[in-house]
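Heads up: the structure comes next, in structure tokens.
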Amino acid sequence: MTLQKDVETQESARRPRRRLSARAAASTGRGRVPARLLTLAVVAVAVLAFGFASAPSVRYAVILSVIYAIAILGNNAVLGLLGEMNLSGGVTMALGAYGFCWFSAQGMNPALAAVTAVLLTALVSAVIAIPTTRLRGIFTALATFALAYAIPTLAIYLKDITGGDEGTSAPYDFAPFGLELSGSTWDMLTTVVVIFVLLGALSLYLFNARPGTTALVVGEAELAGTTTGISHRTVKVVVWTWAGTLGGIAGVLYALAVGFIGPTGFSFMLGVWILVGGVIAGPRSVWGALLGGLFVGLLPVELQSVVPPAATGIIFGAILLIALLAGGRGLAEWIERAAPKMTELIRRRRAAS
Amino acid sequence: MTTGLEVRDLTMTFSGVDALAQVSFSIGEGVWLGLIGPNGSGKSTMLNVLSGLYRPRAGSVVMNGHDLQAVRARHRIRQGLSRTFQHPQLAASLTILENVMVGAAHRPTAEAPSPPASDSGAEWLRRLGCDEYAEHLPSEAPYGVQKLAEVARALMSAPSLLLLDEPAAGLSARERVDLVAALKEIRRHRPTLTLCLVEHDVGLVASLCSELAVLSAGRLIANGPTQTVLADEAVKVAYLGTRSTHDATP
Ligand SMILES: Nc1ncnc2c1ncn2[C@@H]1O[C@H](COP(=O)(O)OP(=O)(O)OP(=O)(O)O)[C@@H](O)[C@H]1O
Ligand SMILES: [Mg+2]
């Protein structure tokens, strides 16, 4: 019996590996696409079920959480692939939201207004990205800091477009495919979750295909990228544009869900939360982005009913710290690492009994 | 000369100090040249200038008759130039094979559109003796494998000029033997490949290269057939003298 086992281990040690080890897959977030898609689906269904079963006020918070998750998913590409900090997540949401409202108010068909707003956001993100291609790591955070900080003031200043302090409203009559897209409706919840899942699946595919490989070379071995013909500028701009596109989509959905947007919705902290939401769950995990969205969307609200508002920030920070210490790459990676160990433990227990 | 590499009066300055001072030499097509010299003599700087990562203060680099002055670093791979790094530059999240395949993205424009299947990344890894690590991350592979993966990646573009920066540094004696075998394997499969091999291990260089160029403090102090250069007094004093102490007077 033991001998048999030894022979087996030797054999498997000599046989070349056909795919990434579980450990490598967990630490890089790559490979295992079917399993990751399944996890994404399971988590998404759980969020849907929770949202359906909840009171409208909680469902509303879940809807906002999933919207944040979409922005986090985009922002995660910048952090997870390039290792750069982007605080402009809130800026892109604001652009998408305001753009959508404004284009609709100009008499544009709302569906077209939504697409135009997202494209505009993508374009602006590409422009924001250009100076960051000369910076690295934390300095990109500083570059986007000012922008994130200026948005509420800018929104008040650009009164004609944004409605200033009073804000502006999303189109009332927008019901694609007969869906009631506003507030805490089931349609709204289903729509945001489906959009998240589609974008998540697309992210997974891109991350494991050529675009992901190229971006990882730029993020992790830039010199080798240069000498093998990769333009790090182009790659960085594309990744930031992708982040902006998802931020723009999140912005449009946010405007629909909230119905009425004002400068207070896009404070500097929104960009920080979108970044932090990605860090907590791990920037390379798609379902982790959903987890991050729930943290950002639910935790502060829920905590405020338990502890004084001033303490929520501290608790939020503590959770962030624990998440960073736990895995370095966030909770999702930590869970992914722990999961095989748990199943192994259970298997051994069963075998022993 | 129209083929191979020609370096003329190359000068590279870092904050007033010449890392390379008017260096000129050439490598004929298919010739393997060893570029040796003490630490800090400018070998890596030379490769960085050749590959376009550094812009020289003066001088020119001509490859196969083309002046590379105006060619950006990332476009030099299309001219048939490829290189490795002294410290492996591998993407930590990509497998060894994926890292190797990165080199195949931009083949020289003159090359046939579809390379023979025998030159796939997996095939080069097999020839270099590290195919069992194809699906490992660089951090899971021995240092020697990481260095060979860099070589394999550099070969993926089917280069006409290959620059290797200390491929043997940090390798164990066994890994060095494997490396020499791997490099001979490359020569067998690519007889027209021109090679510039930067290396401290003179024995290894001498066993592979027919010509040597010696740098000392940024200056070229010798250049020619390997045996001639190794017998050169100036070379012995500046470089080899520090190693073979038997003929050094106390
Ligand atoms: N980017 C840089 N900035 C400033 N000085 C540099 C730079 N690169 C190299 N140098 C200097 O140029 C000189 C030559 O360095 P280089 O790395 O080319 O030497 P080397 O021959 O490759 O040495 P080694 O054998 O240690 O690799 C050294 O004095 C080094 O300090
Ligand atoms: Mg060097």
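Residue numbers (the UniProt record's numbering), protein chains in the order written: chain A, 1 to 353; chain B, 1 to 250.
Cβ coordinates follow ideal geometry from the N, Cα and C atoms, glycine included.
All figures in this text were calculated on a predicted structure; none of them were measured in a lab.
> Is there contact between the stretch 27 to 34 of chain B and the stretch 191 to 200 of chain B, where contact requires at least three CB pairs shorter than 8 angstroms?
Replying inline: yes
>> List, in chain order, every chain A residue whose beta-carbon is nearer than 7 angstroms to that of B/ALA91.
In response: LEU216, VAL217, GLU220 and ALA221
> A/VAL279: which of A/GLY83, A/GLY31 and A/VAL194 sits nearest, CA to CA?
Replying inline: A/GLY83
>> Could you tell me which whole alpha helix (DSSP H) segments of length 4 or greater appear in the stretch 164 to 199 of chain A?
In response: none
> A/VAL276 lies in the beta strand (DSSP E); which residues open and close that run?
Replying inline: Note, A/VAL276: premise wrong, no beta strand (DSSP E); alpha helix (DSSP H) at 268 to 281.
> Buried or exposed: which applies to A/ILE236, given that a residue is buried once 16 or more other Cβ atoms fall within 10 Å of its Cβ?
Replying inline: A small correction: the amino acid at residue 236 of chain A is Lys; Ile does not occupy that position in the sequence shown. That one is buried.
> Looking only at DSSP bridge pairs, what is B/PRO225 linked to?
Replying inline: DSSP lists B/GLU211 as the beta-bridge partner residues of B/PRO225.
> Between A/ALA44 and A/LEU198, which are expected to be in contact by the criterion C-beta below 8 angstroms, what is the C-beta distance as a whole number of angstroms?
Replying inline: With 8 angstroms as the limit, A/ALA44 and A/LEU198 do not qualify as a contact, their Cβ atoms being about 10 angstroms apart.
> When burial is assigned at 16 or more other CB atoms within 10 Å of the CB, is B/VAL198 buried or exposed?
Replying inline: buried
> Do you know how far the Cα of B/ILE77 is from the Cα of A/ALA227?
Replying inline: For clarity, residue 227 of chain A is Thr in the given sequence; the question names Ala instead. A/THR227 and B/ILE77 have their C-alpha atoms roughly 7 angstroms apart.
> Is any beta-carbon of chain A found at less than 8 angstroms from that of B/ILE186?
Replying inline: no
> Would A/PRO300 pass as a contact of A/PHE316 if the rule is Cβ separation under 8 angstroms?
Replying inline: yes
> Quick one, are the C-beta atoms of A/GLY248 and A/GLY96 less than 8 angstroms apart?
Replying inline: yes
>> Would you say the beta carbon of B/SER44 is closer than 7 angstroms to some non-hydrogen atom of ligand 3?
In response: Ligands present in the displayed structure are limited to ligand 1 and ligand 2, and ligand 3 is not among them.
>> On the DSSP bridge list, what partners appear for A/PHE50?
In response: Answer by DSSP bridge pairing: none, since A/PHE50 is not bridged.
>> Against chain A, which members of the stretch 58 to 78 of chain B pass a CB distance test of less than 8 angstroms?
In response: Cβ proximity to chain A below 8 angstroms picks out ALA73, ARG74, HIS75, ARG76, ILE77 and ARG78 from the stretch 58 to 78 of chain B.
>> Please identify the residue among B/ARG190, B/MET63 and B/ALA238 whose C-alpha is closest to the C-alpha of B/ARG127.
In response: B/ARG190
>> Mapping the DSSP letters down to three states, classify A/MET85 as helix, strand or coil.
In response: coil
> In chain order, what residues of the same chain lie with their CB nearer than 8 angstroms to the CB of A/LEU79, ignoring the 5 residues before and after it?
Replying inline: Counting only Cβ-Cβ distances below 8 angstroms, and skipping sequence neighbours, we find MET85, ASN86, LEU275, GLY278, VAL279 and PRO283.
>> If distances are taken between C-alpha atoms only, which option among A/PHE177, A/SER353, A/LEU120 and A/VAL217 comes closest to A/TRP102?
In response: Checking every option, the nearest Cα to that of A/TRP102 belongs to A/LEU120.
> Counting Cβ pairs closer than 8 angstroms, one from the stretch 168 to 184 of chain A and one from the stretch 253 to 261 of chain A, do we hit at least three?
Replying inline: yes
> Any idea what DSSP makes of A/SER125, helix, strand or coil?
Replying inline: helix
> Would you say B/LYS43 and B/LEU35 are within 8 angstroms of each other, going by their C-beta atoms?
Replying inline: yes
>> Short of 9 angstroms Cβ to Cβ, which residues in the stretch 226 to 255 of chain A face chain B?
In response: THR226, THR227, THR228, GLY229, ILE230, SER231 and HIS232
> Near B/ASN223, which residues of its chain fall below 6 angstroms by C-beta distance, leaving aside the five closest residues on each side in sequence?
Replying inline: Short of 6 angstroms from the beta carbon of B/ASN223, and not among the five residues preceding or following it, lie these beta carbons of its own chain, in chain order: PHE25 and ALA213.
> Within the 8 angstroms Cβ cut-off, does B/THR45 reach chain A?
Replying inline: no
> Under a three-way DSSP split, which group does B/ALA112 fall into?
Replying inline: Model confidence at B/ALA112 stands at a pLDDT of 46, short of 50, so the residue's coordinates are unreliable and nothing is read from them.
> Is the CB-CB distance between B/VAL229 and B/LEU204 below 8 angstroms?
Replying inline: no
>> So with CB distances below 8 angstroms, who are the chain A contacts of residue 258 of chain B?
In response: Lying before the first or after the last residue shown, residue 258 of chain B is absent from chain B, which here runs from 1 to 250.
> Hey, how far is the Cα of A/ALA126 from the Cα of A/ARG350?
Replying inline: Computed Cα separation, rounded: 55 angstroms.
> Excluding the five sequence neighbours on either side, which residues of its own chain have a C-beta within less than 8 angstroms of the C-beta of B/LEU10, listed in chain order?
Replying inline: In the same chain as B/LEU10, and ignoring 5 residues on each side of it, the C-beta atoms closer than 8 angstroms to its own belong to LEU20, GLN22, VAL23, SER24, MET46, VAL49, PRO56, ALA58, GLY59, SER60 and VAL61, in chain order.
>> Below 7 angstroms on C-beta distance, what does B/LEU155 contact in chain A?
In response: Within 7 angstroms Cβ-Cβ: nothing; B/LEU155 doesn't reach chain A, min ~12 angstroms.
> From B/PRO138, B/TYR143, B/ALA141 and B/GLU98, pick the residue whose C-alpha is nearest to that of B/GLY121; which is it?
Replying inline: B/GLU98
> Is the beta carbon of A/TYR98 less than 8 angstroms from the beta carbon of A/ILE156?
Replying inline: no
> Considering B/ALA21, what are the terminal residues of the beta strand (DSSP E) in which it resides?
Replying inline: 17 to 27
> Considering B/ASP178, what are the terminal residues of the alpha helix (DSSP H) in which it resides?
Replying inline: 173 to 189
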